[in-house]
Every structure is written in C-alpha cells, then in structure tokens.
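Residue numbers (full-length UniProt numbering): 1 to 363. Notes follow the structure.
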C-alpha cells in the first residue's frame, strides 16, 4: 500500500517558508590599518620597524639584501630616533592610530548591527591581522569583507594587507568567500567627510592656499603596477581611466580634485604634494612634488596662511600629527609663512562611520 502522502494531502513549502528554516548567517568585516609599536619604547619601536621595513612590498629589494640591510643597519639606527617621536605622539589612551581604529570598529559594529561581526587588525604588530581573522573564523561568518583603511591603492599598503590576509586564510580548512575593498579614493562619503572637516577649519580662519599632502612612494612602485605602460608622471593623472585606475598618484589627484570641488577651490588655490620620502644612495626618485620643498616656496608667492590635509590617512598618526602638523608648520614659519593648520583626520567621526558602513553594505 502506498504510504506516501498525496499532493492533495500536503502542500509544498513556499520558498519563503523554506528560507525561514535556514539560520541567518552573519557577515564578517575586517578593518585593517598599517600598524604601530606596542609602546613608544625603543625595543617595541625596533620590533615594529623590523616587521614594517622588511616587508617585500614596502622595500622591494631581494630578501638577501633587504633583511641584512634593514635589520642589521637601518632599524638599529632609526629605532631610538623614532622612539623619541612616538613619545611625543603617545597619549593616555596610547597610540592614536590604535585607539582611533578600535573606536571606529565599535562604531561601525553598532551601525551595521547584529548581522555583522566587525574585527580590527594591524598589518604590523598588534592587534594582528591573524588575531582579527581568528575572531571572524570562530564566529563562523558566512563571508568576509576586508577593508584596508588606505583610501588610495598602493602595493606597499593595501597590496600588503591583501597578501597577508590570503597568506593566513590559505591555512584554513574552510575558506569563506572573501571580498576586498581595494580603494575608496573617490568614495562620496569619504570625500564629503574630508570636506566637512576642512570646512570647519576654514570657518575659523582665512586661508590663501590649501595643501593636500599624501604619503610618498617610489616612482618605480607606480611603474611596476602599470602593465599598459600608460604612466608618464604628468597629465596622465588628470583623470582616472581603466588604464590608471590603480595608479596611486592618479588616485591622490582624484581625491584632491573632488575635495577641492566640495570646498569650491579653483586649481590655483591648492597644491597636491607627497611627504615621508626615504632617499636611498641610488637617489631613487619618489613621487613629486615633495611637500617639504613645495611649502618653502609659498611665502615668496604671497601665501602666508595654509590649510593642510592628509587624505592618505583616515586616522591621526605620526605622519599627520607630527610630520604635517608640527614639522611642516615649523618649516613653513621658518620660510616666512604665517599660519599653518592641519585638518584633523577622519578618525571615528559619525559621518565617516556612516561612510564605512555604507561601503561594507554595498560589498
């Protein structure tokens, strides 16, 4: 006798009912910034610099040369000097890059809600990318969105984070879907937040000129990422195209144009320049113009009041607070300038939190 129910006895479950029986799976989010020493003391700074400067994407020379040169010579000489600067930067909460990152993580988690698990890691030192990914693995997330907190793509920053993430997850037995947000140089929320921070400073003081100062990289890094041989380090960066969409220099100019437009600046009212260069014995050229050289020429042109942005950094750090905010200010004043003002980074401003959450939802 047939013991199976007939179609007249039992209705087939609807797609909605079937879907309701599946437990909701959460999405993992990994926010990553560059890194910071565990303390401003020389041993911790040395450990940080050793890890940072021996990364083959940061210093792209053969490992047989890179490790002895930097671990044996450069880092031991540089660590005590860097430690003094980090002590100037350190606050009661520790490293600004770290606590701003942790604040951003908490606020983005609140904005995204319980359907997401947000983790934060550093490319170098702590909290590590490995520990952040382990949080997401243990949470059994369905997939992971990785957002390196570098607006403009560079192999030495975003590329290094992507490589590290893939190197870690290749050891997992189960590897979920992973999506990288490789750059957000022209992201509307990012641009709007920078402009809002700048506008707040412009309401306090009159400025004759604006400087957009980006972290420099060697020109060869740009050329190595140009398979079409499109790059000329000139007008080729005036627009973003399929050929230069991952050109760091072109993205820096694109960010600057968009922020300038938001602030109503004409091209002659702002300068795009690059900071933090390292000069090698080979005099390997870095992206130009150099910020420290450009600002010295302003007073002779009648520019006495300058507003400075650091749009390559989304959190206050040594390169913003100390280099742009203090060292460049002193250099500008010594050259005859009057007022130099750094626009604070985005940190964990509500508008920036909303922009990050929006990028993650779309990806």
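Where is the CB? At the ideal position from N, CA and C, for every residue including glycine.
query: Minimum C-alpha distance to residue 305 - residue among 202, 350, 79, 93; result: 202
query: Close-in-space but distant-in-sequence residues of the same chain around residue 185 (CB under 6 Å, 5 per side omitted); result: 151, 152, 251, 254, 255
query: Residue 124 classed as buried or exposed, judged by whether at least 16 other C-beta atoms fall within 10 angstroms; result: buried
query: Inter-residue Cα distance where the pair is residue 145 and residue 65; result: 35 Å
query: Simplified DSSP assignment, three categories, for residue 364; result: Nothing can be reported for residue 364, as the shown portion of the chain is limited to 1 through 363.
query: Inter-residue spacing [alpha-carbon to alpha-carbon] between residue 121 and residue 157; result: 14 Å
query: Cβ-heavy atom distance, residue 111 to the ligand NAD, below 6 Å; result: Here there are no bound small molecules, and the ligand NAD is not part of this structure.
query: Backbone secondary structure at residue 116 - three-state DSSP; result: strand
query: Span separating the alpha-carbon of residue 56 from that of residue 92; result: 34 Å
query: Per DSSP, cross-strand counterpart(s) of residue 359; result: Paired residues: none, contrary to the question.
query: Residue 75 beta carbon less than 7 Å from that of residue 41; result: no
query: Rounded straight-line distance, which links the Cα of residue 147 to that of residue 31; result: 5 Å
query: Beta-carbon spacing of residue 181, residue 359 below 7 Å; result: yes
query: When 212, 27, 242, 233 are compared against residue 139, the one with the closest alpha-carbon; result: 27
query: Buried versus exposed call for residue 281 [16 or more other C-beta atoms within 10 Å across all chains shown]; result: For residue 281, the predicted model reports a pLDDT of 44, less than 50, meaning its position is unreliable and no value from the coordinates is stated.
query: Span separating the alpha-carbon of residue 54 from that of residue 264; result: 42 Å
query: Where residue 174 falls, given that 16 or more other Cβ within 10 Å makes a residue buried; result: exposed
query: Straight-line gap, residue 63 to residue 214 (C-alpha atoms, nearest Å); result: 28 Å
query: Proximity of residue 426 and residue 348 at Cβ, strictly below 7 Å; result: As displayed, the chain neither begins before 1 nor continues past 363, which places residue 426 out of reach and without an answer.
query: Any beta strand (DSSP E) of 3 or more consecutive residues that is wholly inside the segment 225-303; result: 270-275
query: Inter-residue spacing [alpha-carbon to alpha-carbon] between residue 222 and residue 187; result: 22 Å
query: First and last residue of the uninterrupted beta strand (DSSP E) at residue 213; result: 209-215
query: Distance CB(residue 119)-CB(residue 110) smaller than 7 Å; result: no
query: Beta-carbon contacts of residue 351 that lie in its chain and below 8 Å, excluding the five residues immediately before and after; result: 189, 192, 193, 196
query: Spatially closest choice to residue 72 from 248, 94, 46, by CA coordinates; result: 46
query: Terminal residues of the beta strand (DSSP E) in which residue 180 lies; result: 177-180
query: Residue 362 burial status per 10 Å Cβ neighbour count (16 or more: buried); result: exposed
query: Rounded C-alpha distance that separates residue 85 from residue 52; result: 17 Å
query: Nearest-angstrom Cβ-Cβ length linking residue 210 and residue 309, presumed shorter than 8 Å; result: 7 Å
query: Residues sharing a beta bridge with residue 338, DSSP; result: BP columns for residue 338 are empty, so no partner.
query: Any chain D beta carbon closer than 7 Å to residue 38; result: No chain D appears in this structure, which consists of one protein chain only.
query: Cβ neighbour criterion (16 or more within 10 Å) applied to residue 271; result: buried
query: Residues bridged to residue 143 [DSSP beta-bridge criterion]; result: 27, 177
query: Contacts around residue 115, its chain only, beta-carbon distance under 8 Å, and the 5 residues preceding and following it disregarded; result: 24, 26, 27
query: Environment of residue 142 [buried if 16+ CB atoms lie within 10 Å]; result: exposed
query: Backbone CA spacing between residue 286 and residue 29 [nearest angstrom]; result: 34 Å
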